[in-house]
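Protein chains: 4
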Amino acid sequence: MSITKPSITPSVTHTSVPAETSVPAVSESRSQADRFLAVRGLTDALTASLSAEDQTPQSMTDASPVKWHRAHVTWFFEEFILRNDPSYVVYDESFRYLFNSYYEAVGARHPRPERGLVTRPGVADVGHYREYVDNAMVDVLERGALDDDVLALVELGCHHEQQHQELLLMDLKHLFSTHAFAPVYVERVADESGTPDPLTWRSVAGGVKEIGAGSGASGPGQFGAGSGASGPGQFGAGSGASGPGQFGAGSGSGFSYDNEGPRHRVFLEDFEIAERAVTNAEWLEFIADDGYRRPEFWLSDGWAHIRETGWQAPGYWQQVDGEWTTFTLSGRRRLVLDEPVLHVSFYEADAYARWAGVRLPTEFEWETAAVTGSSTRGQLLDPARCHPGRAGSTMIGDTWQWTASAYLPYPGFVPANGAVGEYNGKFMSDQHVLRGASAVTPRGHERATYRNFFPASARWAFSGLRLAR
Amino acid sequence: MSITKPSITPSVTHTSVPAETSVPAVSESRSQADRFLAVRGLTDALTASLSAEDQTPQSMTDASPVKWHRAHVTWFFEEFILRNDPSYVVYDESFRYLFNSYYEAVGARHPRPERGLVTRPGVADVGHYREYVDNAMVDVLERGALDDDVLALVELGCHHEQQHQELLLMDLKHLFSTHAFAPVYVERVADESGTPDPLTWRSVAGGVKEIGAGSGASGPGQFGAGSGASGPGQFGAGSGASGPGQFGAGSGSGFSYDNEGPRHRVFLEDFEIAERAVTNAEWLEFIADDGYRRPEFWLSDGWAHIRETGWQAPGYWQQVDGEWTTFTLSGRRRLVLDEPVLHVSFYEADAYARWAGVRLPTEFEWETAAVTGSSTRGQLLDPARCHPGRAGSTMIGDTWQWTASAYLPYPGFVPANGAVGEYNGKFMSDQHVLRGASAVTPRGHERATYRNFFPASARWAFSGLRLAR
Amino acid sequence: MSITKPSITPSVTHTSVPAETSVPAVSESRSQADRFLAVRGLTDALTASLSAEDQTPQSMTDASPVKWHRAHVTWFFEEFILRNDPSYVVYDESFRYLFNSYYEAVGARHPRPERGLVTRPGVADVGHYREYVDNAMVDVLERGALDDDVLALVELGCHHEQQHQELLLMDLKHLFSTHAFAPVYVERVADESGTPDPLTWRSVAGGVKEIGAGSGASGPGQFGAGSGASGPGQFGAGSGASGPGQFGAGSGSGFSYDNEGPRHRVFLEDFEIAERAVTNAEWLEFIADDGYRRPEFWLSDGWAHIRETGWQAPGYWQQVDGEWTTFTLSGRRRLVLDEPVLHVSFYEADAYARWAGVRLPTEFEWETAAVTGSSTRGQLLDPARCHPGRAGSTMIGDTWQWTASAYLPYPGFVPANGAVGEYNGKFMSDQHVLRGASAVTPRGHERATYRNFFPASARWAFSGLRLAR
Amino acid sequence: MSITKPSITPSVTHTSVPAETSVPAVSESRSQADRFLAVRGLTDALTASLSAEDQTPQSMTDASPVKWHRAHVTWFFEEFILRNDPSYVVYDESFRYLFNSYYEAVGARHPRPERGLVTRPGVADVGHYREYVDNAMVDVLERGALDDDVLALVELGCHHEQQHQELLLMDLKHLFSTHAFAPVYVERVADESGTPDPLTWRSVAGGVKEIGAGSGASGPGQFGAGSGASGPGQFGAGSGASGPGQFGAGSGSGFSYDNEGPRHRVFLEDFEIAERAVTNAEWLEFIADDGYRRPEFWLSDGWAHIRETGWQAPGYWQQVDGEWTTFTLSGRRRLVLDEPVLHVSFYEADAYARWAGVRLPTEFEWETAAVTGSSTRGQLLDPARCHPGRAGSTMIGDTWQWTASAYLPYPGFVPANGAVGEYNGKFMSDQHVLRGASAVTPRGHERATYRNFFPASARWAFSGLRLAR
């Protein structure tokens, strides 16, 4: 065994992790075991500074304890890869019950609203569990015995863990926000609030467009990766026909979730899309113009929701001594005016667009714009900096962007067989699609076809908006 | 004034109303006042047999008292047409507060969950209100003084009242279903349960299709009726370019709601759609196969919902002495096996389709099939018969059919100006589209482009499903 | 049969009912049938002016529809008296299910929160039911065939109906109060707001006191009527001297509920009790002194309750144009300053007393004061006047008065056998005792030993307070 | 400073703590500082084996995290004693907000339902806080500078901490019970299930009895300590003879809470009281006789509650493979038949008594029996054994016993001045009194006049019952 597994409990603090090198991009060439360990190592780095107390509670049903995230992503590898190895000895059979998230096919599981009450295993034992599974995974990967279907599940497991890296930061932010004295997770890099650039628009021509991940030329019924052929399997999205100008250009590895396919055609009218996200400065104008008090801007459900909740500003915003502040992973801070607005719900995003006299883009418009135009990449997850960059010419990074689209299956979508088929498909009702990626999305987890989704009222994600017309 | 207004409290009971003649189809030529009075008269006919007690309560927040429906549709004409007439004397200023449904632009209104507590005005006074407004409306219509924009609102008001005719029967059914002793609204026409026809499929070729109401040739940005030009206005959907084989062929009158437009293009793959709706007999097989107990068929929200509610069968179904019965407007009755299943939620429809190995059609597939194929018309509202016909080769009538589509604005959709702009647009989140029409949809209110919508869990509508693949 | 039953639907309106003569006092000598019909007639008189719509809804779970009250009190006689008569033909078997209130021993019953959805039987049919049962009751009473145990149940049924007369007015007041336009049940007798008398105190010497209804000289274990001997049974507590004709037998002390006995001894310290109830004028001082905003006056549960509900004044109070008004059965009106405060909860009464530096009396202190001192009688139910008199030297009448006592069984209390044993006993937890009687308590239903009870947060009863120290 | 403060984080585990010696009884003679440190040390001993994860969550609103308990009792000394010392430097001003429980007079505080979300300070910092306050307290006690009023508050603080020792074990038990795999807090001492003794009754003669803590010969208005005279004030009720050194002054009667006074007279009839508590064996008979399914035994609220919750057995009971088990601080175990039943609500206790044809004693009967008869003392808190002994002839220990009494102020009760006046008085509504003490009540905290109280539905206390008739 030539791979040396890095320590799972790095003695370095998160601020000293060299972000650019610690998170290998998908496109880099390295062995599967390296890739696996790199993803796992980032989870450890992100949580190393958190105490057992910080990792235990669950601040709302939608959120989960940090400790639970760390164990759940580990269970995923144990459940879907290692249990298929007859020589593997399960670490603790009770963990299947405790750390299954929502896979009905796997059996009974701990009630979600009570995840914060599971004091045992403790943080140290979860660390041992991670180490144990890491060793076993490295072992099977090194042996090279896994067939392509299972390797595809390893890849899925890595992306699953990356997804949870973002979720655990969202959940941690929510937990810390309930504390009266605003704990700091990471010190903020000092940068001053500036004046946002003026909003400009990009025109995109309509017509029949190809949407989604998968092999390019899709005739009816054709679904590249889903055919079970070689390649990374159902979750690897085909031949990587990404040309110049496309995100992840030349990556080839081309993983995608099942919900990003099949690649298919849609008809779009001509449209224009904003070159940058809506900023905090612009949102202040909406508030100043009584945006939260004028029903004409709001969907009926949205209006009912803000009356019930009393919302008068985005999530985590609070007026302190007459000035708007927001809670961040660096504590409570003054608003930075030229950053994208964060933590707005779909209702708020939609109302803002109506107030502005325009609309949200559909996810098809968004994707078409993302793959055809050119744009810089925004801030992605850097353990030393958990906040977006200044809103600029970027489609991906800084903030998730609500679209006008409901989260529905693409034509011809069929979930994967077995329990992992529950990964995405069963949530396709009453969720709204967000595109892009945020300042806490791990590098290598972002892509133009990525479909993030949340209910219309959710706003603990790093969610903003981009306008269209 | 040559028009004689019919009595608002017909001495004939609803069973003696000659249904075919009492509800003039939109396509027939007659004066506006006649058309208006015919619609109004049907409401009266439908409610004539109901006591003051029957008309007063509200059995759930989503439902409204019959009395309220009768007053609300009347208020609609008063608010949006008559109040613009300087000579009109408002019947009772308090009714604006009591009978506004959800128009924020009109001002404060009675809380929806308390509609059943409004004992005054009583049923008799609501009758006087109806008569008063009828007289005033006939007067303005006879005078011919209304311009096209206002005439379009009259047309909207008539369709609004037709919509409430269906709603009041849905709500009455729900109210009566809460009664331990199953009251009868209308005696059932005797017809026996038969064996449903075998399910057959129709193939429809894909490509770019035109969807929605409005003038045919839609270039980008073109929105026929919405342009404020002549014709029936925003709610009348343009030039009536309906060709042969289309429902309402040659009608030309062509009313549609704003949410049915603009007419626009979508790209569809080839698909097949079932020739008839799913029947009670088929639903019994789903139940027998433990359909309500196997999570693999259900959306996550749907599974959570049936576990919370304990649903094990469609709405109103109940096992009595080991046999399935359903509550109907003719009391509790044995299931008729070859009728379409009714009162299923979107969650159930979706789970059934997955159990059957197929799926629900999108609303675009449904509409494309409806306007291109040929099919008989099913049962529509007949005051003497409030149940569907035998499930047969019909797209429209008998039962609403859940589609796979979320209720979203069509590209280029802009709500009408003023309060009536709230009619449809503000509900475009977390609702699911149903197409077709049911056995309690008034004749003349059905059309191929009609977009009905309800939340995924709702099942007090006459809602069933049709399969696609 | 020499008795002529009065019409159950008096053509006179309630305002023309001569209150003093229409409600025979218990003490007057008249036949049992007369007594029965007099009680029944008052219910009819109180509800004659109410429409079917007014009588149908239920404005909260604790309240019931007027129609339901009218049918329920009738069912009580049918269930507990007439069904024992083999020759009696039940009016409608379904009514046992619909109009049983809470008697588990009688079997299944309609869910309480859905009483407002029972549209059938209608008001007219309930009227026929009342007439039918009245005739049957008069018949059995005239025949003189009932033994003493059953006659005691007739007496209980009459008091039960009287209790519901007050309840239906409480419930009607609540229903009407939800209406935006303040309906009037009875026109108010004009009388002006005056200045309340200064508060004076009565001293009562302590020692061992006898409390409750029953034969006087109570040795340990002695309990006159409760001993199971002959006589009117548990519900005719009296002196034991009750032979045939006991109800209305001129005893004056007469009837009492089982929860008023056994008569027993308690030890009291010396105390002082206020000569009159707390007035609206005094309550305004409490509000002005921030009584609702200072936690130091409130029980913990009370403080939580007013923060949750936002209460800032007694029930039905509302500031209109800067002036306090209250909703009454005569519509919304300015506060009358020298009337007793009404519609306060136990929490508020207790907080007021603490604010005033004193306390509420125990029910034993209250009763001792009521039977030893002299006081005028306040306003009782007069169909032409549903509001209290000016607060004066009265213990009984005008307003119920919260005491410091929890509603608990007296030593030796044993509920009656059979379903009527559920009348009072099963509510003996988490209720608080009120003493006195209110302006809507029927004459003949008030007495010094009467124990009314409600939860600490309830305030739809006509409930005020009297101070002690 | 001659006192050596013991380590606050004993390296010994709880099982090695010599229970008999570690908890000095109140009656023993030792210095105030020793007494203080002994109480503090027991808290540390009880929690030493619990991880940070175990100490963090809150499993229901009524419960609190172990960590919170440890900090809150410390804050009590800081708030009410040390802050009065001008030289004292507050450990952390934010703790006043975080660890105030319910004292309105102290100011804003962290919302109770979110105590489990306070991850910072962590367990280690709470340990430092405890040490810091201990040192400061020992310092002021050693200096002898505190006047009697403040010394009384120290004594109150010690009893407060003892009360929280029991609460933290109740709360920990609840938390652990939510875990699917039944964690063990302390290994159970092996003892076998036996056959309970037959139930025997003790007769107690009635008459005027003295009840409560305080000086004996109570004329009207006389209330020893409460009269504001010298002595430790309201919280050291005692004989009035308490000079300096009063707490632990060898009086025996010693300390009592304000709610146990004033001592006053009540009149009791003769009664009988059971010699032992109801056992698990007897409760199984109640279950077998359908006790949870027969409404005739239940108070109305209780019946509603068990139908809503589905309760069919006491708290923590569960049938495993057809056999009843219960969750204990030693994990899930078979029922021990001759132990007192635990974790029943007032509703269940009351229903059981009615099923048994008898009743619960009032708190006055209980206290009279406890102070006049002779009885052995049952199991009290022993860190090595957290379960009751075999039900035998004991009034105090093993299990709290629900009484028939509501928790109300004694005649003449006046809460203490200042924030500590909120300690007991403001909970005097809708709570029910329990008497005795349980297997997790610290030694020295039990007494015959002690009034414990919980709502009728609560059952996470170690609550059983004793019968009377």
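Chains as they are written, first to last, in our numbering: chain A, 13 to 481; chain B, 13 to 481; chain C, 13 to 481; chain D, 13 to 481.
Even glycine gets a Cβ: it sits at the ideal position worked out from N, Cα and C.
Just so you know, these numbers come straight off a predicted model, no measurement behind them.
Simplified DSSP state of residue i, which is helix, strand or coil
i      : result
B/R196 : Residue identity differs from the one stated: residue 196 of chain B is Val in this sequence, not Arg. Note: B/V196 maps to coil in three-state DSSP.
D/W213 : strand
A/A470 : coil
A/Q44  : helix
B/F439 : helix
C/R127 : helix
C/N464 : strand
C/G53  : helix
D/Q391 : coil
Between the CA atoms of residue j and residue i - distance to the nearest angstrom
i      : j      : result
C/G264 : C/R108 : Below a pLDDT of 50, predicted positions are generally treated as unreliable, and C/G264, at 40, falls in that range; no measurement from the model is reported.
D/T207 : D/L296 : 13 Å
C/Y419 : C/H140 : 38 Å
D/E105 : C/L354 : 45 Å
A/W412 : B/Y462 : 34 Å
C/L347 : C/V102 : 48 Å
C/R132 : B/F376 : 45 Å
C/R82  : C/L129 : 16 Å
C/E360 : C/T73  : 22 Å
D/F247 : C/E222 : Note that D/F247 scores 34 on pLDDT, short of 50, meaning its location in the model is unreliable and no value can be drawn from it.
Buried or exposed by the 16-neighbour rule on C-beta atoms within 10 Å, applied to residue i
i      : result
D/A192 : exposed
A/Q330 : exposed
C/N292 : buried
B/N464 : buried
C/Q177 : buried
C/P98  : exposed
C/N112 : buried
One or two residues paired with residue i in a DSSP bridge
i      : result
A/G448 : A/W412
A/H171 : None; A/H171 has no bridge partner.
A/G223 : Note on residue identity: the sequence assigns Ile, not Gly, to residue 223 of chain A. Answer is A/H276, bridged to A/I223.
A/L341 : A/G343
C/Q177 : Paired residue(s): none; C/Q177 is not in a bridge.
B/A286 : B/W213
For the segment 167-183 of chain D against the segment 116-128 of chain D, do three or more pairs of beta-carbon atoms, one drawn from each stretch, fall closer than 8 Å, so that the two count as touching?
no
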